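Below: one structure, written as structure tokens.
Protein chains: 2
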Amino acid sequence: MILSSIEDVAKLVGVSTTTVSRALNNKSYVSKKTKQKIEEAVKELNYVPNKVAKSLSSKRTNIVGVIIPSIIDPIYSEEINTIEKVLKEKGVRILLCLCPRNSHQYELELKNMLNSYIDGIISAVYDFPVTMAEENVPFVQLGGGKVDYSRKVNVITDDYEVGQAAIKLIEKGKHKKVIVQHGPLSLSEEQDRLDAIVYALNGSEVNYELQLVDQDDPYGIEGTQNLFKDFKDFDVVLSRNDQNGYQVVLEAQRRGIMVPSELKVIGYGGSQFLANMNSPMTTISINPSKIGNKVAELTISMLAEDSKKKNQQISVPISIIN
Amino acid sequence: MILSSIEDVAKLVGVSTTTVSRALNNKSYVSKKTKQKIEEAVKELNYVPNKVAKSLSSKRTNIVGVIIPSIIDPIYSEEINTIEKVLKEKGVRILLCLCPRNSHQYELELKNMLNSYIDGIISAVYDFPVTMAEENVPFVQLGGGKVDYSRKVNVITDDYEVGQAAIKLIEKGKHKKVIVQHGPLSLSEEQDRLDAIVYALNGSEVNYELQLVDQDDPYGIEGTQNLFKDFKDFDVVLSRNDQNGYQVVLEAQRRGIMVPSELKVIGYGGSQFLANMNSPMTTISINPSKIGNKVAELTISMLAEDSKKKNQQISVPISIIN
DNA sequence: TTGTATGCGTTATCAA
DNA sequence: TTGATAACGCATACAA
Numbered sequence: 433m434i435l436s437s438i439e440d441v442a443k444l445v446g447v448s449t450t451t452v453s454r455a456l457n458n459k460s461y462v463s464k465k466t467k468q469k470i471e472e473a474v475k476e477l478n479y480v481p482n483k484v485a486k487s488l489s490s491k492r493t494n495i496v497g498v499i500i501p502s503i504i505d506p507i508y509s510e511e512i513n514t515i516e517k518v519l520k521e522k523g524v525r526i527l528l529c530l531c532p533r534n535s536h537q538y539e540l541e542l543k544n545m546l547n548s549y550i551d552g553i554i555s556a557v558y559d560f561p562v563t564m565a566e567e568n569v570p571f572v573q574l575g576g577g578k579v580d581y582s583r584k585v586n587v588i589t590d591d592y593e594v595g596q597a598a599i600k601l602i603e604k605g606k607h608k609k610v611i612v613q614h615g616p617l618s619l620s621e622e623q624d625r626l627d628a629i630v631y632a633l634n635g636s637e638v639n640y641e642l643q644l645v646d647q648d649d650p651y652g653i654e655g656t657q658n659l660f661k662d663f664k665d666f667d668v669v670l671s672r673n674d675q676n677g678y679q680v681v682l683e684a685q686r687r688g689i690m691v692p693s694e695l696k697v698i699g700y701g702g703s704q705f706l707a708n709m710n711s712p713m714t715t716i717s718i719n720p721s722k723i724g725n726k727v728a729e730l731t732i733s734m735l736a737e738d739s740k741k742k743n744q745q746i747s748v749p750i751s752i753i754n
Numbered sequence: 433m434i435l436s437s438i439e440d441v442a443k444l445v446g447v448s449t450t451t452v453s454r455a456l457n458n459k460s461y462v463s464k465k466t467k468q469k470i471e472e473a474v475k476e477l478n479y480v481p482n483k484v485a486k487s488l489s490s491k492r493t494n495i496v497g498v499i500i501p502s503i504i505d506p507i508y509s510e511e512i513n514t515i516e517k518v519l520k521e522k523g524v525r526i527l528l529c530l531c532p533r534n535s536h537q538y539e540l541e542l543k544n545m546l547n548s549y550i551d552g553i554i555s556a557v558y559d560f561p562v563t564m565a566e567e568n569v570p571f572v573q574l575g576g577g578k579v580d581y582s583r584k585v586n587v588i589t590d591d592y593e594v595g596q597a598a599i600k601l602i603e604k605g606k607h608k609k610v611i612v613q614h615g616p617l618s619l620s621e622e623q624d625r626l627d628a629i630v631y632a633l634n635g636s637e638v639n640y641e642l643q644l645v646d647q648d649d650p651y652g653i654e655g656t657q658n659l660f661k662d663f664k665d666f667d668v669v670l671s672r673n674d675q676n677g678y679q680v681v682l683e684a685q686r687r688g689i690m691v692p693s694e695l696k697v698i699g700y701g702g703s704q705f706l707a708n709m710n711s712p713m714t715t716i717s718i719n720p721s722k723i724g725n726k727v728a729e730l731t732i733s734m735l736a737e738d739s740k741k742k743n744q745q746i747s748v749p750i751s752i753i754n
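For the protein sequence lines, the chains are W and A, in the order given.
The number in my numbering is simply the position in the first sequence, starting from 1, with 432 added.
The number in my numbering is simply the position in the second sequence, starting from 1, with 432 added.
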């Protein structure tokens, strides 16, 4: 494809590229006459400024990298959906990068993004110490359950709140045994949330057991099989996410177990997608759209200020979906 | 953030930038000695080549723009998931752009992407005549039901197949009335698929009615309400997508209608996400992961060949999920 | 095997 | 109000 450059426009009008640049960017004074001529030439040549060149000069791309572990998970879909829309309004676009939580791929991805096309990073993958690379870019941590002061900006869901919500949903003395599902505890996010939940459960004398569920089980199928295979006599499941909760409900129904009367299933997530599935579980919603909104706002302000000093830790309140 | 440039490396080693460039890109011969020195300097300075500069010079970004109407829809999530992974292996990254099907936003988005950061476009939004802009970029049409020869590369689901599959699922003479859901017919994709289905239904003397469902009803809630409000005595629903199908099943169950014995619900889509929801509907799966794979492959080959001449229209077969 | 000069398209600085 | 020149960081043609 042959594209016209600013020089083509300049030649056509008979001015310098400087003048064209000024006219198009409304910098300093350009006479109305030449400005008009330039605009005509732009149309005639179908000229569009080359953003790569612009970026090389300005050191700005108006692109942010977004790193998430999965786009299949409706929580992330919903967050990304909001983030993209809000950022777009501000002329910021997103470079999407899928990266497992615990892999060394992350460092590569990060390094790849740095010194490249991005003005900042939004990442839901943060289970690593802050690297030097990361340190020098506007970085927004998307999600997590504990404020991480080593990172400049976090938008989290307070694990303590989650624990307290869980204990409120589990009426004391009424249940025999709670199964608490969790992902691999090598991931700080998993460990933190589990800690908060266990803390809450211990505080209210509830009998519970832990179930480790695999990371690579996006639909909660395997976790559910194992739940019913490995555990007995439970009447509450605090599932790792709504997908797992949904499957637990399905399996319970297959086995003729009434939900929630005989088995209470508590989900975690609260994406609109699963909320509309009408599963008889109760869900602790992290309000993904709100999180997305906050993340986008903070990203915008970080980019605008061009000062990486301002630390902000924001916790988006949870809510309960029945 | 202060980044080191190729010149910093060159100075440190005491060679020219040309030599450094050659050493790092393995072009022509560089003595082992200097090469080693350069590598050390790179490490010391934590040098990473600036991709923007690289792109300005090479006219290549290794980024493709991906335009889809929604990331909430699991069909697109699943496609994007595959596309991102396959492209990543080849060093290609994706700029994600959400854009409604029928809005004029599309032209803006397209223009915005052109002359900017992308080597090509993958788009599930194609309900417009081919614009001049689009014409000059490697363009892959993601989805659709009819080969569109005006576009260079399509990966589609053959509407005819869909119609034939539908008619096979609707046993002749056994059903009273089929409701065929469809989106706004101003969208060619909707019109084409409906045509194919109607053609199939007419050919087998099945009684049917059409229901227009809103585009902005991502979970199929409203469409389902209207279905039961506006139509009577139907015993098959050919839903617009799995989300609608799922909701129809839910509402039927609420009303005490047995699915599928009293009401047969046929979904369309076949994302793993919904397939795992265990809804008693039958789904015509377009096999989104396969589509994503094909799209990614074709994209890679288009970019590699750097020749936009080769037209390819590929139809990914459907399958039935029970 | 290495270096010089030039170009990629734009913006900013300094002059006129 | 306009223009010449340098700079952004890298790659390549041409020389040496």
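Using N, Cα and C, we set each Cβ at its ideal position, and we do this for glycine too.
Computed from a predicted model, the values in this text were never measured in an experiment.
- Per the Cβ contact rule, the segment 573-585 of chain A is not in contact with the segment 600-619 of chain A (fewer than 3 Cβ pairs under 8 Å).
- Of the candidates A/Pro570, A/Ala707 and A/Ser711, the residue whose Cα lies closest to the Cα of A/Gln744 is A/Pro570.
- By the neighbour-count criterion, in which a residue is buried when 16 or more other Cβ atoms sit within 10 angstroms of its Cβ, W/Met734 is buried.
- Contact of A/Ala736 with chain W is not assigned, every C-beta pair being separated by 7 Å or more.
- For A/Ser751, the closest of A/Val669, A/Leu601 and A/Val691 by C-alpha to C-alpha distance is A/Leu601.
- Contact between the segment 461-475 of chain A and the segment 467-487 of chain W is absent: fewer than 3 CB-CB pairs across the two stretches fall below 8 Å.
- Counting only runs that start and end inside the segment 543-617 of chain W, the beta strand (DSSP E) elements of at least 3 residues fall at 552-555, 571-574, 585-588 and 610-614.
- Considering only beta carbons, the part of the segment 506-524 of chain W lying closer than 7 Å to chain A consists of Ser509, Glu510, Ile512, Asn513, Glu516 and Lys517, in chain order.
- As computed with DSSP, W/Gly497 is found in a beta bridge with W/Leu527 and W/Ile553.
- Contact annotation: A/Glu510 and A/Ile526 have beta-carbon atoms that are not nearer than 7 Å.
- Closest in alpha carbon position to W/Gly446, among W/Ile698, W/Thr466, W/Lys543 and W/Asn457, is W/Thr466.
- Less than 7 Å divides the Cβ of W/Val572 from the Cβ of W/Val727.
- Residue pairing for A/Thr714: DSSP places it in a beta bridge opposite A/Ile698.
- When Cβ-Cβ separations below 7 Å define contact, W/Ile718 makes no contact with chain A.
- Taking CB atoms only, A/Ile504 has a neighbour in chain W less than 7 Å away.
- Between A/Val524 and W/Ser487 a beta carbon distance of about 19 Å is seen, past the 8 Å cut, so the two are scored as non-contacting.
- In summary, the residues of the segment 539-562 of chain W whose CB is separated from some CB of chain A by less than 7 Å are Lys543, Leu546, Asn547, Ser548 and Tyr549, in the order they occur in the chain.
- In this chain, the alpha helix (DSSP H) harbouring A/Gln623 covers Ser620 to Asn634.
- When the five nearest sequence neighbours on each side are left out, the beta carbons in the same chain lying within less than 7 Å of the beta carbon of A/Lys469 are those of Val445, in order along the chain.
- Rounded to whole angstroms, the separation of the alpha carbons of W/Val480 and W/Asn494 is 16 Å.
- According to DSSP, W/Gln745 shares a beta bridge with W/Asn586.
- Listed along chain W are Val484, each with a C-beta nearer than 7 Å to that of A/Ser487.
- Annotated as proximal: W/Gly677 and W/Val697, with beta-carbon spacing under 7 Å.
- W/Gln643 is the residue among W/Gln643, W/Asn534 and W/Asp591 whose C-alpha sits nearest the C-alpha of W/Lys609.
- When DSSP states are grouped into helix, strand and coil, W/Val474 belongs to the helix group.
- Proximity to A/Lys578 across A/Thr731, A/Leu659, A/Glu541 and A/Ser620 peaks at A/Ser620, based on C-alpha coordinates.
- For the pair A/Arg492 and A/Ile553, the Cα-to-Cα distance works out to about 13 Å.
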